[in-house]
Amino acid sequence: MAQSCIALLFLSVAMLLAMAADATQFKVGGSNGWSVPDPNAMSFNQWAERNRFHIGDSLLFVYPPDKDSVLQVDKDAYDACNTSTFIAKYDDGSTVFTLNRSGAFYFISGVEANCIRNESLIIMVMADRTDSGRPAVPAPAPSPTPPSEAASEPSPPRPPPAPEAASEPPPSNGEATVPAAEPAPAGEEPPPPPPPSGAAASRVVGFVGVVGSVVMGIVL
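The numbering used here applies: residue -19 is where the sequence shown begins, and numbers increase by one.
Rendered as C-alpha cells:
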C-alpha cells in the first residue's frame, strides 16, 4: 500500500513538472503593461484573441502598485465594471496569475475609471495541452470474413461443345440435283406420251405435203 502511494506521488510530481516545462507566461499589455490602452492601439481582448491559452499557462500583470491593481471578477462584474465585488484582488505591482482550469477568466482594473476606459481582459483557456498532443488511437481493423463453402469449392469443368454436323458439299457444276421420278404403282396404266414438240409437227406436215404432191403428179 505504501509503495503504491509513493508511486502515485512521484507520478503526480512528474506530471506537474511536465506541465510546468510546457507552460507559457504571457505578459499582459506587452511593453506598456497593465494600464489604460491607447484608443488607436490593440485592445487587451484583441490581444487575447490572437493567443492560445492552456491550463498551466500564466499571466504577468505589471503596473504601478500605488496607482492601479488587478481584480479577478465574474461576468456580471466585468460587464458593469463593478470594482466592489470581486473574486480576488492583486496590488503587488507584478502579479503572476496561473490559469488552473479551462474556461473563461475575467479581469478588470481596480480603478473604476480605468475599467471604463477598457482596462479589462477576458481570457479563454483551452483544455489541458497533454490531451491535445496525445495521438489518437486508431480503430481496430475489422476481421476478414471467412469464405463460404460454395466459394471455396472449385466449379466442375464445362463439357466440350458438341461437333457440328458437316454440311453436304454443294454440286461442283452448280446445278441442283433433280430427284428421280417415282415409278407408277402396279395396276395403273401409264400416262399417255406428251404431244410432239412444234419442230416434230412441222416435219410431219412437210412430209405429208411432199407425198401428196407426188401422188397428184402421177394421177395427172
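Yeah, the Cβ is synthetic: ideal placement off N, Cα and C, and Gly gets one too. Because the structure is a prediction, the values reported are computed rather than measured.
1) Could you check how far apart the C-beta atoms of Phe6 and Asn31 are, in whole angstroms? I think they sit under 8 Å.
2) Between the C-alpha atoms of Ala216 and Arg81, what's the straight-line distance to the nearest angstrom?
3) Can you tell which of Asp2, Val42, Ala3, Ile35 has its C-alpha closest to the C-alpha of Gly9?
4) Let me know the beta strand (DSSP E) ranges lying completely inside the segment 0 to 61, each 3 residues or longer, listed in chain order.
5) Would you report the Cα separation of Gly13 and Asp46, rounded to the nearest angstrom?
6) I'd like the span of the alpha helix (DSSP H) that includes Ile67, first residue to last.
7) Distance check for Asn62 and Tyr86, CA to CA, integer angstroms please.
8) Among the candidates Phe77, Val76, Glu92, Asp72, whose CA atom is the shortest distance from the CA of Pro44?
9) Mapping the DSSP letters down to three states, classify Ser107 as helix, strand or coil.
10) Quick check on the burial criterion: 16 or more other C-beta atoms within 10 angstroms. Buried or exposed for Ile96?
11) Nearest by alpha-carbon distance to Trp202: which of Val76, Val91, Ser11 is it?
12) Looking only at C-alpha atoms, which of Glu29, Leu40, Gly83 sits nearest to Tyr70?
13) Going by DSSP, name the residue or residues bridged to Ala84.
14) Grab the span of the beta strand (DSSP E) containing Val91 for me, first residue to last.
15) Would you kindly work out how many angstroms separate the C-alpha atoms of Asp2 and Ser49, rounded to a whole number?
16) Given a threshold of 16 other Cβ atoms within 10 Å of its Cβ, counted over all protein chains shown, does Ala21 qualify as buried or as exposed?
17) Can you find the residues in the same chain that come closer than 6 Å, C-beta to C-beta, to Glu99, ignoring five residues on each side of it along the sequence?
Let me spell this out:
1) As a working mapping, residue 6 is identified with position 26 in the sequence shown. As a working mapping, residue 31 is identified with position 51 in the sequence shown. With 8 Å as the limit, Phe6 and Asn31 qualify as a contact, their Cβ atoms being about 6 Å apart.
2) The question about residue 216 has no answer, for the chain in this structure spans -19 to 200.
3) What you label residue 9 is simply residue 29 of the sequence shown in a count that begins at 1. For the residues Asp2, Val42, Ala3, Ile35, the minimum Cα distance to Gly9 belongs to Val42.
4) With a minimum length of 3 residues, the continuous beta strand (DSSP E) runs that stay inside the segment 0 to 61 are 5 to 7, 38 to 42, 50 to 53.
5) The residue you call residue 13 lines up with position 33 of the sequence shown. The residue you call residue 46 lines up with position 66 of the sequence shown. Their Cα atoms are separated by approximately 15 Å.
6) Reading the sequence shown from its first residue, position 87 is the one you call residue 67. Here Ile67 belongs to no alpha helix (DSSP H), and DSSP marks it neither H nor E.
7) As a first step, residue 86 is located in the sequence shown; it is residue number 106 there, counting from the start. As a first step, residue 62 is located in the sequence shown; it is residue number 82 there, counting from the start. Distance between the alpha carbons of Tyr86 and Asn62: 12 Å.
8) Indexing the sequence shown from 1 puts residue 44 at position 64. Of the candidates Phe77, Val76, Glu92, Asp72, the one whose C-alpha sits nearest the C-alpha of Pro44 is Asp72.
9) To locate residue 107, count along the sequence shown from 1; it is residue 127. The residue asked about is misnamed: residue 107 is Ala in this sequence, not Ser. Coil, per DSSP.
10) As a first step, residue 96 must be located in the sequence shown, where it is residue number 116. Burial is judged here by how many other beta carbons sit within 10 angstroms of a residue's own beta carbon; Ile96 has fewer than 16 and is exposed.
11) Beyond the ends of the chain as shown, which are -19 and 200, falls residue 202; an answer cannot be given.
12) Mapped onto the sequence shown, residue 70 falls at position 90. In this structure, Leu40 is the residue among Glu29, Leu40, Gly83 with its C-alpha nearest to the C-alpha of Tyr70.
13) Numbered from 1 along the sequence shown, position 104 holds the residue referred to as residue 84. Per DSSP, Met104.
14) If you number the sequence shown from 1, residue 91 lands on position 111. Premise fails: Val91 is in no beta strand (DSSP E) and is neither H nor E.
15) One-based indexing of the sequence shown puts residue 2 at position 22. One-based indexing of the sequence shown puts residue 49 at position 69. C-alpha separation (whole angstroms): 28 Å.
16) Start at 1 with the first residue of the sequence shown, and residue 21 comes out as number 41. Exposed, because fewer than 16 other Cβ atoms sit within 10 Å of the Cβ of Ala21.
17) Stepping through the sequence shown from its first residue, residue 99 is reached at position 119. Excluding residues within five positions, the ones whose Cβ falls inside 6 Å are Val16, Ser89.
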